[in-house]
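Asks:
Protein chains: 2
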Amino acid sequence: MQQEDRTSGRPRDVSADAALKSAALGLVRARGYGKVSIAAIVAAAGVARQTLYNRWSSKAELVLDAVFEEVGRYAAAPIGDDGTSAAEQLEAFLVQVFAHLEEDGETLRAIIAAAQEDADFQRLFRERFVLPREAMVTDLLRRAQARGEIGPARDPEMLSAMIHGAFWYRMLNGFALDKGLARAIRDEVFRP
Amino acid sequence: MQQEDRTSGRPRDVSADAALKSAALGLVRARGYGKVSIAAIVAAAGVARQTLYNRWSSKAELVLDAVFEEVGRYAAAPIGDDGTSAAEQLEAFLVQVFAHLEEDGETLRAIIAAAQEDADFQRLFRERFVLPREAMVTDLLRRAQARGEIGPARDPEMLSAMIHGAFWYRMLNGFALDKGLARAIRDEVFRP
DNA sequence: TTGAATAATGGACTGCATTCTATTAATTGC
DNA sequence: GCAATTAATAGAATGCAGTCCATTATTCAA
Numbered sequence: 001m002q003q004e005d006r007t008s009g010r011p012r013d014v015s016a017d018a019a020l021k022s023a024a025l026g027l028v029r030a031r032g033y034g035k036v037s038i039a040a041i042v043a044a045a046g047v048a049r050q051t052l053y054n055r056w057s058s059k060a061e062l063v064l065d066a067v068f069e070e071v072g073r074y075a076a077a078p079i080g081d082d083g084t085s086a087a088e089q090l091e092a093f094l095v096q097v098f099a100h101l102e103e104d105g106e107t108l109r110a111i112i113a114a115a116q117e118d119a120d121f122q123r124l125f126r127e128r129f130v131l132p133r134e135a136m137v138t139d140l141l142r143r144a145q146a147r148g149e150i151g152p153a154r155d156p157e158m159l160s161a162m163i164h165g166a167f168w169y170r171m172l173n174g175f176a177l178d179k180g181l182a183r184a185i186r187d188e189v190f191r192p
Numbered sequence: 001m002q003q004e005d006r007t008s009g010r011p012r013d014v015s016a017d018a019a020l021k022s023a024a025l026g027l028v029r030a031r032g033y034g035k036v037s038i039a040a041i042v043a044a045a046g047v048a049r050q051t052l053y054n055r056w057s058s059k060a061e062l063v064l065d066a067v068f069e070e071v072g073r074y075a076a077a078p079i080g081d082d083g084t085s086a087a088e089q090l091e092a093f094l095v096q097v098f099a100h101l102e103e104d105g106e107t108l109r110a111i112i113a114a115a116q117e118d119a120d121f122q123r124l125f126r127e128r129f130v131l132p133r134e135a136m137v138t139d140l141l142r143r144a145q146a147r148g149e150i151g152p153a154r155d156p157e158m159l160s161a162m163i164h165g166a167f168w169y170r171m172l173n174g175f176a177l178d179k180g181l182a183r184a185i186r187d188e189v190f191r192p
């Protein structure tokens, strides 16, 4: 996914990008990542197989673009520091994340799986998806620390990894992510 | 992997089990999970492909048996409650786990990936591998709570998920698991 | 000794992601 | 128009997991 305005040669058909992402998004949400073949995606998009591979280097990359650019807006903006307590902000953030994962959790699990088999894709996923979300929570915790809502000895980076880790761990082991979990994480982080 | 002492029929060749596990263990450690094919495993074991599938239903199941039965001993026994503090016991446990994952971490990552694509295998892995290890840490934390090393308001189950989650999350995103991480987790759990 | 039951074997088969190849199409600079 | 360049296309080829099949082997019970 990059271009450099070449001086000659046939130009890319820009509509193919959108057609492929849209086809991938629709099919993956309808049937699930594992049940969607490359053949089905290119057929739905009306392009040749190689056209897909000219743009993305794997099914996982295309789906990461398709599903999580759409959804990239979820939790893409920093967590708003409204008047509420950091505890409430964290819980609200988790509830929002879990709600989105009701729709796309299966896809995220497939993406995480793909990242374990492809180091390049792991890096891409980490930089584009994982670290920004981790940083949002780290920032929230730093603000909380500055305001005294958590003690000065706490480690916001470690805590952020433990928070994300907790629901990754639950999700990857087949447990549902519900409001009870969001509350339990909040309580454990902001304990008395 | 089960038998019921049938009353007739050709008996299983018991040596094939060991040959397959040994071949899988050796090949996966030497080349890495993704680079080992079923064809290579059965060739090394000197049996037919179907003989493998008579015993395990996928490459992931065989490797889970092969690598983590061998290694099942790591952290398979409850964490010894020696005289040391629970904080020290937790850190020692994590250091031991991380040391083993230097050898088999890549395989564990592949197993977790496989579990995301196969619900039956996910259940098997969870029951046989994940939950027992989670319970060990939960027990440790309960003992610590009974002795007052952590406050009565803490939630040992949630904490255990956060501890395991933290290193799963780090591992699955390509970070090394070192002594510093073990120490940081310990400090965050047993904070002042 | 024979039949029923189950295992082992070699090889064929299916479905899939990804790569490769040859051909045709669109563009720029001349 | 023409050469050079890059894209799109259809389809073949590769490599692999998992399944299916026909044949042969081993055991038990009658």
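Keeping their order, the protein sequence lines are chains A and B. Numbering-wise (the numbering used here), the first sequence opens with residue 1 and increments by one. Numbering-wise (the numbering used here), the second sequence opens with residue 1 and increments by one. Beta carbons: idealized from backbone N, C-alpha and C, even for Gly. Small disclaimer: the values here were computed from a predicted structure and weren't measured.
Could you work out which residue in Glu70(B), Ala86(B), Gly80(B) and Arg133(B) is closest to Asp104(B) when comparing CA atoms only?
Replies: Glu70(B)
Asks: Considering only the beta carbon of each residue, do Pro156(A) and Leu141(A) sit closer than 8 angstroms?
Replies: yes
Asks: Might you give, ordered along the chain, the residues of its own chain that have their beta carbon closer than 7 angstroms to the beta carbon of Ile163(A), omitting 5 neighbours on each side?
Replies: Apart from sequence neighbours up to five positions away, the residues of its chain that approach Ile163(A) with a beta-carbon distance below 7 angstroms are Val137, Ile185 and Val189, ordered along the chain.
Asks: Distance, Cα to Cα, Ala182(B) vs Glu91(B)?
Replies: 6 angstroms
Asks: Classify Thr107(A) as helix, strand or coil using the three-state DSSP reduction.
Replies: helix
Asks: Residue ranges of each alpha helix (DSSP H) run of no fewer than 4 residues wholly in the region 129 to 188 of chain B, ordered along the chain?
Replies: 131 to 146 and 156 to 172
Asks: Would Ile185(B) count as contacting chain A if we go by Cβ distances under 8 angstroms?
Replies: Chain A contact via Cβ: present.
Asks: Alpha carbon to alpha carbon, how far is Gln89(A) from Ile79(A)? Give it in angstroms, no decimals.
Replies: 8 angstroms
Asks: From Met171(B) to Pro11(B), what distance separates their C-alpha atoms?
Replies: Computed Cα separation, rounded: 42 angstroms.
Asks: Note down the Cα distance separating Ala66(A) from Pro192(A), rounded to an integer number of angstroms.
Replies: If you take the alpha carbons of Ala66(A) and Pro192(A), they lie about 42 angstroms apart.
Asks: Do Ala40(B) and Ala19(B) have their C-beta atoms closer together than 8 angstroms?
Replies: no
Asks: At what residues does the alpha helix (DSSP H) containing Thr51(B) begin and finish?
Replies: Arg49 to Tyr53
Asks: Please check if any C-beta of chain B sits within less than 8 angstroms of the C-beta of Asp155(A).
Replies: yes
Asks: Helix, strand or coil for Val194(A)? Go by DSSP, reduced to three states.
Replies: Any question about residue 194(A) goes unanswered here, given that chain A covers just 1 to 192.
Asks: 8 angstroms is my cut-off, CB to CB: does His164(B) come that close to chain A?
Replies: yes
Asks: Excluding the 5 residues preceding and the 5 following Lys59(B) in the sequence, name in chain order all residues of the same chain whose CB lies nearer than 7 angstroms to its CB.
Replies: Ile38
Asks: By the DSSP assignment, the alpha helix (DSSP H) with Glu70(B) in it spans what residues?
Replies: Lys59 to Glu70
Asks: Establish whether the CB of Gly174(B) and some CB of chain A are separated by less than 8 angstroms.
Replies: yes
Asks: Taking DSSP as the reference, what is the three-state secondary structure of Phe93(B)?
Replies: helix
Asks: Against chain B, with Cβ distances strictly below 8 angstroms, would Gly34(A) count as a contact?
Replies: It does: the Cβ of Gly34(A) has a partner Cβ on chain B nearer than 8 angstroms.
Asks: In chain order, what residues of the same chain have a beta carbon less than 7 angstroms from the beta carbon of Asn204(A), not counting five sequence neighbours either side?
Replies: Nothing about residue 204(A) can be read from this structure; chain A reaches only from 1 to 192.
Asks: Any beta-carbon of chain A closer than 8 angstroms to the one on Val95(B)?
Replies: no
Asks: To which residues of the same chain is Phe121(B) closer than 7 angstroms at the C-beta, ignoring the five residues directly before and after it?
Replies: Ser58, Ala60, Glu61, Ala114 and Ala115
Asks: Can you list, in chain order, the residues of its chain whose CB lies under 7 angstroms from that of Arg109(B), leaving out five sequence neighbours each side?
Replies: Met171 and Leu172
Asks: Determine the direct distance from the alpha carbon of Leu159(B) to that of Met1(B), and round the result to whole angstroms.
Replies: The predicted model places Met1(B) with a pLDDT of 40, which falls under 50 and marks its position as unreliable, so this point remains unresolved.
Asks: Using C-beta distances below 7 angstroms, list every residue in its chain close to Gln3(B), excluding the 5 sequence neighbours before and after it, in chain order.
Replies: At Gln3(B), the pLDDT of 40 sits below 50, so the modelled position is not reliable; the number obtained from the coordinates is stated separately. So the qualifying residues of the chain are Arg12.
Asks: Around the Cβ of Lys21(B), are there at least 16 other Cβ atoms within 10 angstroms (buried) or fewer (exposed)?
Replies: buried
Asks: Closer than 7 angstroms by C-beta to Arg49(A): which residues in its own chain qualify, once you throw out the five before and the five after it? Chain order, please.
Replies: Ile38 and Val42
Asks: Just checking: is the beta-carbon of Ile41(A) within a distance shorter than 8 angstroms of some beta-carbon in chain B?
Replies: no
Asks: Quick one: which chain A residues come within Cβ less than 8 angstroms of Ala23(B)?
Replies: Near Ala23(B) there are no residues of chain A at all, since even the closest Cβ is about 21 angstroms away, more than 8 angstroms.
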